[in-house]
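A.B. asks: My questions all concern the structure below.
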Amino acid sequence: MWTLSVPWWEFVLRGIVVYVFLLVFLRLTGKRQTAQYAPFDLVLLLILSNAVQNSMNAGDNSLIGGLISASTLIVCHVGLAHLAYRFRRIERFVDGRPQVLVQDGKVDEVLMQHELLSATDLSAALRAGGCLHAHEVERATIETNGQITVVLKKR
């Protein structure tokens, strides 16, 4: 329980590598994947966590090893948050940029395809924003967190 099968620094190195890998991988999958958790999205996250577990702990199931790995991930997360706050380029890489999905009633189909948003997803976001049709929208933006904000045209 208290004995490590690998050196402590290996847990730290493995944790950092896995954290960066997952950050880049999830960032490349698009905003939709991080904001709208459908059941299959949650299953993917659970399977991912299980898949990378052994790469982080090198088969070591000790309590200390688990605490080192967890601490490493938390420190990476907090450190990256501080770096993103201070440096705009890092913030843009981590969070992305908001993008206009609908402008003056015209839907950007290329962006929808890139973000893997279906017409059903867009319709749901428009309804949540208080309208039924894209022509009622002045601007709809997919935010950095994947949420879609809708600004209606003035009547």
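Residue 31 in our numbering sits at position 30 of the sequence shown; the count goes up by one each step and never skips.
Beta carbons: idealized from backbone N, C-alpha and C, even for Gly.
1. Please work out which residues of its chain come closer than 6 Å, Cβ to Cβ, to Val-152, disregarding the five sequence neighbours upstream and downstream, and give them in chain order.
2. Does DSSP classify Gln-34 as helix, strand or coil?
3. May I ask which residues mark the beginning and end of the alpha helix (DSSP H) holding Leu-14?
4. Specify, as a first and last residue, the run of the beta strand (DSSP E) that Arg-140 falls within.
5. Cutting at 8 Å between CB atoms, please list the residues of its own chain near Ser-1, excluding the five before and the five after it.
6. Which class does Leu-102 belong to by DSSP, given the choice of helix, strand or coil?
7. Compare the C-alpha of Val-19 against each of Met-113, Arg-87 and Asn-55 and name the closest.
8. Based on the DSSP output, what are the partners of Thr-150 in its beta bridges?
C.D. replies: According to the data block:
1. Taking the sequence shown and counting its residues from 1, the one referred to as residue 152 is at position 151. For Val-152, where only same-chain residues beyond five positions count, the Cβ hits under 6 Å are Glu-139 and Arg-140.
2. If you number the sequence shown from 1, residue 34 lands on position 33. A caution first: Gln-34 carries a pLDDT of 47, below 50, which makes its placement in the model unreliable, though a value can still be read off. Of the three classes helix, strand and coil, the one that applies to Gln-34 here is helix, per DSSP.
3. Here residue 14 is taken as the residue at index 13 of the sequence shown, counted from 1. Per DSSP, Leu-14 belongs to the alpha helix (DSSP H) from 9–29.
4. Position 139 of the sequence shown, counted from the first residue, corresponds to residue 140. Following the DSSP letters along the chain, one finds Arg-140 inside the beta strand (DSSP E) bounded by residues 138–143.
5. No information on residue 1 is available, as it lies outside the stretch 2 to 156 that the chain covers here.
6. One-based indexing of the sequence shown puts residue 102 at position 101. If DSSP states are grouped into helix, strand and coil, Leu-102 belongs with the strands.
7. Locating residue 19 in the sequence shown gives position 18, counting from the first residue. Among Met-113, Arg-87 and Asn-55, the Cα nearest to that of Val-19 is on Asn-55.
8. Numbered from 1 along the sequence shown, position 149 holds the residue referred to as residue 150. According to DSSP, Thr-150 bridges with Thr-142.
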